[in-house]
Amino acid sequence: MKAIEAIKLSLQNKARMQKTAEKKAKKAQKAAIKNEKEERKEFFANLLKYANEVIISATEEGKTETTFAMWPGGDSPVAAESQIDNHGYSDLIKKVERKLRDDGYKVEHVLTSSEHYVSYDTSDEKYTTYHAEIKVSWEKVK
Numbered sequence: 230m231k232a233i234e235a236i237k238l239s240l241q242n243k244a245r246m247q248k249t250a251e252k253k254a255k256k257a258q259k260a261a262i263k264n265e266k267e268e269r270k271e272f273f274a275n276l277l278k279y280a281n282e283v284i285i286s287a288t289e290e291g292k293t294e295t296t297f298a299m300w301p302g303g304d305s306p307v308a309a310e311s312q313i314d315n316h317g318y319s320d321l322i323k324k325v326e327r328k329l330r331d332d333g334y335k336v337e338h339v340l341t342s343s344e345h346y347v348s349y350d351t352s353d354e355k356y357t358t359y360h361a362e363i364k365v366s367w368e369k370v371k
């Protein structure tokens, strides 16, 4: 094989490998987009299902309001309050809130807190966790 033929073959192989890499990248990108869409769809369905379960449970207990959240608490009120707006799926949380409002519920955000002990056995030291929750209320049917 002559040097010119070797260069030509090498360039052809490089172009073929580049095309293969581009195809793999496009395929991976499509899979990632599909996965993201599925995760978003699942998050919305789970949040709406959870909200409805919490409402049913509260109604069975004779209550006219309940709160729920599906995200962790924060170390400060400010951190907790920003959790809904800064959540990766905040648009879906707002969509669930709209759905509940459309169903006739009053929906608002509330800040709650809970105290915890550092260690139950060895310390009386407490710390507080703050939670941004969605409060749903309705009128009692007479």
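Our numbering puts the first residue of the sequence shown at 230, with every later residue one more than the last. For glycine and all other residues, C-beta sits at the position ideal for the given N, C-alpha and C.
| Check | Outcome |
| --- | --- |
| Roughly how far, in whole angstroms, is the beta-carbon of Ser-305 from the beta-carbon of Ile-313, given that I think they are within contact range, below 8 Å? | Not confirmed; about 15 Å, so no contact. |
| Here's the rule: buried if 16 or more other CB atoms are within 10 angstroms of the residue's CB, otherwise exposed. What is His-345? | exposed |
| Using only CA atoms, which one of Trp-367, Gln-258, Met-230 lies nearest to Gly-333? | Trp-367 |
| Please confirm if the segment 355 to 366 is in contact with the segment 291 to 311, defined as three or more CB-CB distances below 8 Å between the two stretches. | yes |
| Taking Cβ positions, are Val-365 and Ala-280 nearer each other than 8 Å? | yes |
| Please report the Cβ distance between Ile-363 and Glu-326, rounded to the nearest whole angstrom; I am assuming they are in contact, meaning their Cβ atoms lie under 8 Å. | 7 Å |
| Sorted by chain position, which residues of the same chain lie with C-beta nearer than 6 Å to Ala-232's C-beta, five sequence neighbours on each side aside? | none |
| Give me the Cα-Cα distance between Glu-289 and Leu-340, rounded to the nearest whole angstrom. | 25 Å |
| Run through DSSP, which three-state label would Ser-286 get? | helix |
| Just the Cα atoms here: how many angstroms apart are Lys-369 and Thr-295? | 13 Å |
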